[in-house]
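Trainee:
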Amino acid sequence: MNKKCRKLIGVLFVVVAHLTIGGSIAWGGYPDKPVNAIMPFAPGGAPEMVFRPLLEVVRKKLGQPVVIINKPGGGGVAGSGEVARAKSDGYTLLLNFGGGEHLVEPHMADAPFNTLKDFSPVVMISYFPSGLFVRVNAPWKTLEAFIDHAKKNPGTLRYSHPGRGTINHLAALALEKKAGIKMSDIPTAGGAAAMNMLLGDHVEAAQIGAPVAWPQVEAKQIRCLVQSLPKSSELYPGTPTYMERGFDIRMAVNQGVAAPRNTPREVIQILHDAFAEAFREKSLQDVIRTVRFVPNYMNTEETAKYINEMYAYYGKLIQDLGIPKKK
Amino acid sequence: MIRLTNIRDFWSGIVLGLLGLVECIGAFQMPFGSLDQPDDGFMPLWVGAVMLVLSALLTLRSLGQGPVSVTEPPFWLESKSPIRIACILGAMSVYLIVFEGIGFALATFVLLVFLLRTIDPVPWRFSLLMGLSVTAFCVLLFQVWLQVQLPMGWLSGWRMGPWIF
Amino acid sequence: MDILSNVVNGLLVSLEPSNLFFCFIGCLFGTLIGVLPGLGPLAAIAFLLPITYYIPVIPAMIMLAGIYYGAMYGGSTTSILVNIPGEAASCVTCIDGYQMARQGRAGAALGIAAIGSFAAGTFGVFVLMVLAPPLARFSLRFGPPEYAALLLLALVIIATIGSRDRVKAFLMLASGAALGMIGPDPVSGNARFSLGVRELYDGVGIAPLAIGLFGVSEVLLNAEIILKQEVMKTSFKDMLPTLRDYRASWAAIVRGSGLGFFIGILPGGNPIVASFLSYGLEKKLSSHPERFGQGAIEGVAGPESANNSATSGAFIPLLSMGVPNNAVMALMLGAMMIHGVVPGPQLIDKTPQLFWGVIVSMYIGNIMLLALNLPLIGLWVQLLRVPYRLLFPVILMFCLVGVYAINYSIFEMFLVVLFGTAGYLLRKVDFDMAPIIMGLIIGPMIETAIRQSLMLSRGSFTIFVSRPIALILLAVTILVLANAFLKIRRLNVTSP
Numbered sequence: 001m002n003k004k005c006r007k008l009i010g011v012l013f014v015v016v017a018h019l020t021i022g023g024s025i026a027w028g029g030y031p032d033k034p035v036n037a038i039m040p041f042a043p044g045g046a047p048e049m050v051f052r053p054l055l056e057v058v059r060k061k062l063g064q065p066v067v068i069i070n071k072p073g074g075g076g077v078a079g080s081g082e083v084a085r086a087k088s089d090g091y092t093l094l095l096n097f098g099g100g101e102h103l104v105e106p107h108m109a110d111a112p113f114n115t116l117k118d119f120s121p122v123v124m125i126s127y128f129p130s131g132l133f134v135r136v137n138a139p140w141k142t143l144e145a146f147i148d149h150a151k152k153n154p155g156t157l158r159y160s161h162p163g164r165g166t167i168n169h170l171a172a173l174a175l176e177k178k179a180g181i182k183m184s185d186i187p188t189a190g191g192a193a194a195m196n197m198l199l200g201d202h203v204e205a206a207q208i209g210a211p212v213a214w215p216q217v218e219a220k221q222i223r224c225l226v227q228s229l230p231k232s233s234e235l236y237p238g239t240p241t242y243m244e245r246g247f248d249i250r251m252a253v254n255q256g257v258a259a260p261r262n263t264p265r266e267v268i269q270i271l272h273d274a275f276a277e278a279f280r281e282k283s284l285q286d287v288i289r290t291v292r293f294v295p296n297y298m299n300t301e302e303t304a305k306y307i308n309e310m311y312a313y314y315g316k317l318i319q320d321l322g323i324p325k326k327k
Numbered sequence: 001m002i003r004l005t006n007i008r009d010f011w012s013g014i015v016l017g018l019l020g021l022v023e024c025i026g027a028f029q030m031p032f033g034s035l036d037q038p039d040d041g042f043m044p045l046w047v048g049a050v051m052l053v054l055s056a057l058l059t060l061r062s063l064g065q066g067p068v069s070v071t072e073p074p075f076w077l078e079s080k081s082p083i084r085i086a087c088i089l090g091a092m093s094v095y096l097i098v099f100e101g102i103g104f105a106l107a108t109f110v111l112l113v114f115l116l117r118t119i120d121p122v123p124w125r126f127s128l129l130m131g132l133s134v135t136a137f138c139v140l141l142f143q144v145w146l147q148v149q150l151p152m153g154w155l156s157g158w159r160m161g162p163w164i165f
Numbered sequence: 001m002d003i004l005s006n007v008v009n010g011l012l013v014s015l016e017p018s019n020l021f022f023c024f025i026g027c028l029f030g031t032l033i034g035v036l037p038g039l040g041p042l043a044a045i046a047f048l049l050p051i052t053y054y055i056p057v058i059p060a061m062i063m064l065a066g067i068y069y070g071a072m073y074g075g076s077t078t079s080i081l082v083n084i085p086g087e088a089a090s091c092v093t094c095i096d097g098y099q100m101a102r103q104g105r106a107g108a109a110l111g112i113a114a115i116g117s118f119a120a121g122t123f124g125v126f127v128l129m130v131l132a133p134p135l136a137r138f139s140l141r142f143g144p145p146e147y148a149a150l151l152l153l154a155l156v157i158i159a160t161i162g163s164r165d166r167v168k169a170f171l172m173l174a175s176g177a178a179l180g181m182i183g184p185d186p187v188s189g190n191a192r193f194s195l196g197v198r199e200l201y202d203g204v205g206i207a208p209l210a211i212g213l214f215g216v217s218e219v220l221l222n223a224e225i226i227l228k229q230e231v232m233k234t235s236f237k238d239m240l241p242t243l244r245d246y247r248a249s250w251a252a253i254v255r256g257s258g259l260g261f262f263i264g265i266l267p268g269g270n271p272i273v274a275s276f277l278s279y280g281l282e283k284k285l286s287s288h289p290e291r292f293g294q295g296a297i298e299g300v301a302g303p304e305s306a307n308n309s310a311t312s313g314a315f316i317p318l319l320s321m322g323v324p325n326n327a328v329m330a331l332m333l334g335a336m337m338i339h340g341v342v343p344g345p346q347l348i349d350k351t352p353q354l355f356w357g358v359i360v361s362m363y364i365g366n367i368m369l370l371a372l373n374l375p376l377i378g379l380w381v382q383l384l385r386v387p388y389r390l391l392f393p394v395i396l397m398f399c400l401v402g403v404y405a406i407n408y409s410i411f412e413m414f415l416v417v418l419f420g421t422a423g424y425l426l427r428k429v430d431f432d433m434a435p436i437i438m439g440l441i442i443g444p445m446i447e448t449a450i451r452q453s454l455m456l457s458r459g460s461f462t463i464f465v466s467r468p469i470a471l472i473l474l475a476v477t478i479l480v481l482a483n484a485f486l487k488i489r490r491l492n493v494t495s496p
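Protein chains in written order, with our numbering: chain A, 1 to 327; chain B, 1 to 165; chain C, 1 to 496.
Listed below in C-alpha cells is the structure:
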C-alpha cells in the first residue's frame, strides 16, 4: 500500500508540475494569459460571424488566445454592464461595441453602464445598415413610390421589425417623421422572424438588418428600397441610402471592440495594433464581405469620436421622435 | 358541518391563490389596453384571474362534506427527511454562492464529498476518492473539452499547460 | 426519375469517407452533450460551431445536422434514466420514460425512444426529399392568426385529455403561463414582473425551470426514501423493447412522426410543442388513458418520434428557402453564410450536392445514432445499478454546472435550486410538473400570436376567420370541444 501510494503520488506530482510549469513560459508584458472578450449576446448571432474569424487571426498577432464569452441578457445590456465593471487590466474586452445596445438603449432606459464614460474604445471593424424591404412583386419599386402610397393611404402600410427600440425600428420611425407618413409597426422576435412575416405576405414591408435579408434579395424574393449607411456600398448594389434620398438618417450597427475605462494606454495600443493588422488580412476582409458586413476600420481616436457623435445623434433623434423612456 | 377533508389541497389552493393575486396586482400596474388593442397587462391579468379562480375551486373543494380522505402517506416519509432535504438544499445554495469565489474545482469537490457523507453516508476514503475523480473528470469535460470558462477561484494562479488549449 | 437521381447524388456525397466521418463526430458529440442536463442542441451547436469554420461547407453542415439530432436523442437518455430533461423537448419523455425506468424497463424505454426517433427521422427525411419546396412555401403562410388558432387547438386538446385532476393540471398550466409573463413584453419591450431583479429582465429560462422542476425535485423526493426502498428496481426484465412493446407503440410512432413534422416546418416550430401535442394525442386516442404517467410506452414512443421529426421538419424552410425557423436553424444559417453559401430558394439549384448531401446524410445520421445508441443502452442501464447514494450528488452537481455553462449565470443556478424546491413541494401535494412547462412555452406564444394578429388587423377579430388556414384550425378546435362535451354528457347519462 505504501509503495503503491508513493508511486501514485509521484505520478501525480509530475503531472501537476507539467501542468503548471508548462503554462508559465510567457514572455513578459501584456498579454501573458488569455484575454476574455465578452460578447453580450447568445452564441451564433450575426456579429459572431465577423468576430470569431477575427479573433482567430488576432490570437496569432497577440500570441495569446482571445476567447469569446457569451453573456446574453437585456439585448446586449447585461454583458456590456459586466465589462463596465470589470478590471481595467486589459484581460476583459467588450465586443460588438457600437451596437444598438450602446448607442440607443441607454437613451431609452437605465443601463448599467455609461457608454461615453465607462469604456475605452479600441478599434472599429465593420458595420451594417438597416434596410427597408418589400416583396419583389410589390407595386413600389422605389422609396418615393412607397412613401407616395403611404401618404395617400395613411396607416395602412404595415411593416415588421425585430423589436421596438432597435435601430431598425428607429430608422422606420425616423422615416415616418421626416417623410410625413404614418405606418403600422409589427414587432417580432428578431430579424429572421420579421423577414418571415414579409415573405409570407403578412405585412407590406420589413425593416431589418441588411445582412439578414440579403440572401432573399439575391433570390429575387424581396427588394431593398433604401439602406441606412452614410454612404452606399457595393455590397448592396442598386440600393440608395437615406441620405442620397434627402433624409438625414444615417444609422449603422457597428462591430467594434472596447475595454473598460482606465485601461492603460499601452495595452490599448497593443490591442489596437493587433486588431488593425488582423483587419488588413485579405482572408478576413473576404469573410466580412461574405456575410455582407461592410468593412469599416477606425483607429482608437476615430472610434471614440464616432461613438460620441452617434451617441448624441441617437439621443437627439429619440427626443425628436418623442419616444418615452421604457420600464 | 364543513370539515377539512384534504389539508394539502387546502393549503396548496391558498398559496397558489396568493401567487395569482400577485400576478393580478402586477398586471394592474401595467397599461391594460383594451380587448382589441391589448397592452402589457392584458394577458397577465387573465392568467392571474384564472389562477385565482382555480385555486379558489381547489380550496373550496378541499372543504367538502365527504369523509376525511383515506390516510395518505405522511408528509415526511421519515423523521430524518426534513433534515436531509435541508442539507441538500443548503449545500446547493452554498455551492452557488461560493462558486465564482473559490472556483469550480474546489466548490464541486466539497459539494460532492459533503453530499456523499451526509445523506446516506459513504465511507470517507471512497468519498474523497470519488469526489476527486468526478471533479477531475468534470474539469476535463467542461473546461478543456467544451471550452466552457469555469471560474478558477482560489486556483486562479495555477495555469493549465499550453497543450490543453 | 428526378428525385431518384438526386438521392443517388446525395448518397455519393454523404458516403464520402470524410463526410461520413464528420457525420459520425457530429452524432457522437451531439449525443454526449445532449446527455448533459441543460445542454441541448443549441448549446451543442454553439460549442462546436467554431470547429466548422475550418472545414468545407458540406461536411460542416453534415456535422451540424448530426449534432442537432444527436443532442435531441441524448436529451432523451437522461430524461428516461434520471428524470432530468437533457433539453426542453425531452420534458415530455420524462413523464412515462422515467416511470418505465423505475419499473426496471429502462432498456425498453431507451430502445423504443431510439427506434421511434429513427423511424420518425426516416419519415422526415423522406418527406423532405419529396416535398421540400412546396412545404416551405406553405409554412410561410403561417402567420400570427394561424399560430394563434393552432395554439388554441393545442390547448383544447390538452384540456380535454382528462388528467386525473383537472383543476390541478390547469392550475399548473396557468402557473407556467404566469412564469412566462416574466420578461420583456412581446410588443412594447417593457420588462414585466422583473421584480427589480436585472437577471429577470429576459424572463425565466426554460433550462433552469425544467432542470429544477424535474431533475432536482426528483432527487429531493428520492432522498427521503433512500434507506427505506430502492430507488430503481435493479432486476432488469428487458434490455430492449419486447414484441408487445412494438405492437403498442407503432401507431404512436406513426402519428408522432406526422404530427411532429407538421409542427416542425412552421416558423417558430418548436420540437417541445410537438412532443406535448403528441403526448396529448396518444393519451386521447388510447383505450387505457390512465396508464399514462405510470409508464405507458406510447407516452415515450409518440413524443420521441414527434420531436425527432420536428427536427427534420425544421430543416425544410432553411434548406429550401433560406428561412430559419428557430434559433438552431439560425445558427446553421450563420454557418452556411460564413462558408459563402447563400441560403435561399436557389440553394437547391445552385448547389444540389449541398442540399441532397445534407438530406441524405441526415438519414445516415439517423442510422448512425441508432447504431450508436442501442449498444449504449446496456451501458446506461448498468449506470442505474450504481447505488443511488453515489449517483445523486453527481446528478445534482451536473444540474447546477450544466445550467451555469449555458449563460454563465449564478442566478440561473439559484433558479434551479428554487424551482427544485418548488417542484419538490408541489409534487408532494400531488401536482404534475409537465403542464408548467407547457404553460411557460405556450402562454407567451399565444399572447404574441394574438397581439400580433390584432396589430395586423388593426383591432379587428375577423382576421381569425377570414384566413383559410386559421379558419380550418378554429373549426377543428370547435369540433374537439364539442366532442369533449358530448363525451361528458354521455358519461353523465350512463353513470348513476
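Each residue gets a CB set at the ideal place from its N, CA and C atoms; glycine is no exception.
(1) Checking contacts by CB at 7 angstroms: is leucine 318 of chain C closer than that to chain A?
(2) By DSSP's criteria, valine 66 of chain A is part of a beta bridge. Which residues make up the other side?
(3) Against chain C, with Cβ distances strictly below 7 angstroms, would lysine 325 of chain A count as a contact?
(4) Three Cβ pairs or more, each shorter than 8 angstroms: is that satisfied between the region 72 to 89 of chain C and the region 35 to 46 of chain C?
(5) If you follow the beta strand (DSSP E) that aspartate 89 of chain A is in, where does it begin and where does it stop?
(6) Mind checking the region 65 to 82 of chain A against chain C and listing, in chain order, the residues whose C-beta falls within less than 9 angstroms of any C-beta there?
(7) Does the region 271 to 285 of chain A come close enough to the region 95 to 112 of chain A to have 3 or more Cβ pairs within less than 8 angstroms?
(8) Check distances from the C-beta atoms of the region 29 to 49 of chain C to those of chain A and list, in chain order, the residues that come in under 9 angstroms.
(9) Between which two residues does the alpha helix (DSSP H) containing proline 187 of chain A stretch?
(10) Are valine 328 of chain C and leucine 42 of chain C close, meaning C-beta to C-beta below 7 angstroms?
(11) In whole angstroms, give me the CA-to-CA distance for serine 62 of chain B and threonine 5 of chain B.
(12) Give the interface partners of leucine 112 of chain B over in chain C, defined as CB-CB distance under 8 angstroms, in chain order.
(13) Can you pull the DSSP bridge partners for arginine 268 of chain A?
(14) If we cut at 7 angstroms on Cβ distances, does methionine 100 of chain C have a partner in chain B?
(15) If I'm right that alanine 371 of chain C touches glutamate 298 of chain C with Cβ under 8 angstroms, what's the distance once you round it to whole angstroms?
(16) Using CA atoms only, rank isn't needed, just tell me which of C:Thr77, C:Pro387, C:Ala207 is closest to phenylalanine 411 of chain C.
(17) Could you tell me the alpha carbon to alpha carbon distance between leucine 52 of chain B and leucine 19 of chain B, rounded to whole angstroms?
(18) Scan the region 279 to 291 of chain C for residues whose Cβ lies nearer than 8 angstroms to a Cβ of chain B and list them as they occur along the chain.
(19) Pick out the complete alpha helix (DSSP H) segments inside the region 317 to 341 of chain C, 4 residues or longer, and give them in chain order.
(20) Determine whether the beta carbon atoms of tryptophan 356 of chain C and asparagine 19 of chain C lie at a separation below 7 angstroms.
(21) Taking 7 angstroms as the limit between beta carbons, can you name the residues of its chain near glutamate 176 of chain A, skipping five residues before and five after?
(22) Please name the residue, chosen from A:Pro264, A:Ser80, A:Ala171, A:Ile147, that lies closest to leucine 116 of chain A on a Cα-to-Cα basis.
(23) Using a C-beta cutoff of 7 angstroms, does arginine 164 of chain A count as contacting chain C?
(24) Can a CB atom of chain C be found closer than 7 angstroms to the CB of methionine 51 of chain B?
(25) Using a Cβ-Cβ distance cut-off of 7 angstroms, determine whether tyrosine 306 of chain A contacts chain C.
(26) Tell me which residues share the same chain as threonine 166 of chain A and place their Cβ nearer than 7 angstroms to its Cβ, disregarding the 5 neighbours each side in the sequence.
(27) Buried or exposed, going by whether 16 or more other CB atoms sit within 10 Å of the CB of asparagine 114 of chain A?
(28) Hey, is asparagine 222 of chain C's beta-carbon within less than 7 angstroms of any beta-carbon in chain B?
(29) Check the Cβ of arginine 166 of chain C against every Cβ in chain A and list those closer than 7 angstroms, keeping chain order.
(30) Just confirm the distance between the C-beta atoms of valine 394 of chain C and alanine 106 of chain C, as a whole number of angstroms; I'd bet it's less than 8 angstroms.
(31) Just how far apart, CA to CA, sit tyrosine 69 of chain C and asparagine 366 of chain C?
(32) Give the residues of chain C in contact with arginine 8 of chain B, contact being defined as C-beta atoms less than 9 angstroms apart.
(33) Using only the alpha-carbon positions, how far apart do leucine 4 of chain C and leucine 319 of chain C sit?
(34) At a cut-off of 6 angstroms, is glycine 97 of chain C close to the ligand GTP when judged by its beta-carbon and the heavy atoms of the ligand?
(35) Grouping DSSP H, G and I as helix and E and B as strand, with all else coil, what is glutamine 149 of chain B?
(36) Taking contact to mean at least 3 C-beta pairs separated by less than 8 angstroms, is the region 194 to 201 of chain C in contact with the region 40 to 47 of chain B?
Mentor: Based on what the coordinates show:
(1) no
(2) A:Val35
(3) no
(4) yes
(5) First-last for aspartate 89 of chain A: undefined, no H or E at that position.
(6) Ile68, Ile69, Asn70, Lys71, Pro72, Gly73, Gly74, Gly75, Val77, Ala78, Gly81
(7) no
(8) Leu42, Ala43, Ile45, Ala46, Phe47, Leu49
(9) First-last for proline 187 of chain A: 184 to 187, but that is the beta strand (DSSP E), not the alpha helix (DSSP H).
(10) yes
(11) 6 angstroms
(12) Pro393, Val394, Met397
(13) Rather than arginine, the amino acid found at residue 268 of chain A in this sequence is isoleucine. For isoleucine 268 of chain A, which the question treats as bridged, DSSP gives no partner whatsoever.
(14) no
(15) Going by Cβ atoms, the distance from alanine 371 of chain C to glutamate 298 of chain C rounds to 25 angstroms, so no, they are not a contact pair.
(16) C:Ala207
(17) 8 angstroms
(18) none
(19) 327 to 338
(20) no
(21) Lys182, Met183
(22) A:Ser80
(23) yes
(24) yes
(25) no
(26) Gly100
(27) exposed
(28) no
(29) Within 7 angstroms Cβ-Cβ: nothing; arginine 166 of chain C doesn't reach chain A, min ~32 angstroms.
(30) Wrong, their Cβ atoms sit about 18 angstroms apart, outside the cutoff.
(31) 8 angstroms
(32) Lys428, Val429, Asp430
(33) 19 angstroms
(34) Looking at this structure, you won't find the ligand GTP or any other ligand, since it has none at all.
(35) coil
(36) no
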